[in-house]
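A.B. asks: In this note's numbering, the protein residues as written are 109 to 240.
All C-beta atoms in this analysis are idealised placements derived from N, C-alpha and C, irrespective of residue type, glycine included.
My structure is below; once you've seen it, I'll send some questions.
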Amino acid sequence: MIAIGKRHEPWLVDGIARYEQRMTRAWQLQWKLLPASQHSNDVARREESQQILRALSPQAYVVLLDERGTMLDSPTLSRSLHQPMAQGKPLVLIIGGAYGVTEAVMERANLVWSLSRLVFPHQLVRLILAEQ
């Protein structure tokens, strides 16, 4: 998982560890936390998106979390991820920064997924993803 933002808070580290213990060996959860831009709006979105794109391998199946994405239930999400995983593609989930991501990141994504119509703090989204 790639996320823009600060290190995990202690409560989040504990929560993620609990979910990791429940995962099968087929899943290996790795976090790559990229620093948030010191700028705002378009400049931040552009800088953070460039970091994200540099962090992606060309063969990765990319799932971008974005409020404009498709809302999926857990079984549908599982089915959507099964084929690329069966083909041996690394699965990368992306949580963008506070100002979102550029069109280049949107276009690189194989799936754009919205967790909810609600907006959640980034740290909480990380925990939700670990559970899923």
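Could you check whether ASP174 and GLY205 sit closer than 8 angstroms to each other, using their CB atoms as the reference points?
C.D. replies: Their beta carbons are not under 8 angstroms apart, which means GLY205 does not touch ASP174 by this criterion.
A.B. asks: Is the number of C-beta pairs between the segment 191-200 and the segment 164-173 that are closer than 8 angstroms three or more?
C.D. replies: Yes, they touch.
A.B. asks: Can the beta-carbon of ILE241 be found closer than 8 angstroms to that of ILE160?
C.D. replies: In the structure as shown, the chain begins at 109 and stops at 240. Residue 241 is therefore absent and cannot be evaluated.
A.B. asks: Quick one: what's got a C-beta closer than 7 angstroms to HIS230's C-beta in the same chain, skipping five residues either side?
C.D. replies: Contacts found: ALA111, GLY113, ILE203.
A.B. asks: Any idea what DSSP makes of THR178, helix, strand or coil?
C.D. replies: Looking at THR178 - three-state DSSP - the assignment turns out to be strand.
A.B. asks: Drop a sphere of 10 angstroms on the beta-carbon of TRP119, count the other beta-carbons inside from all chains shown, and report buried for 16 or more, exposed for fewer.
C.D. replies: Flag for TRP119 reads exposed.
A.B. asks: Just to check my reading of the structure: THR210 and SER157 have Cβ atoms closer than 8 angstroms, yes? What is that Cβ distance to the nearest angstrom?
C.D. replies: So it is a contact: roughly 4 angstroms between Cβ atoms.
A.B. asks: Taking the alpha carbon of TYR191 as the point to measure from, which residue in LEU232, GLY177, ASN218 has its own alpha carbon closest?
C.D. replies: In the sequence as displayed, the identity of residue 191 is Gln instead of Tyr. Ranking LEU232, GLY177, ASN218 by Cα distance to GLN191 puts ASN218 first.
A.B. asks: Return the first residue and the last residue of the beta strand (DSSP E) that LEU141 is part of.
C.D. replies: Residues 140-142.
A.B. asks: So TYR127 packs on ALA238, CB below 8 angstroms; how close in whole Å?
C.D. replies: Yes, TYR127 and ALA238 are in contact; Cβ-Cβ is about 4 angstroms, under 8 angstroms.
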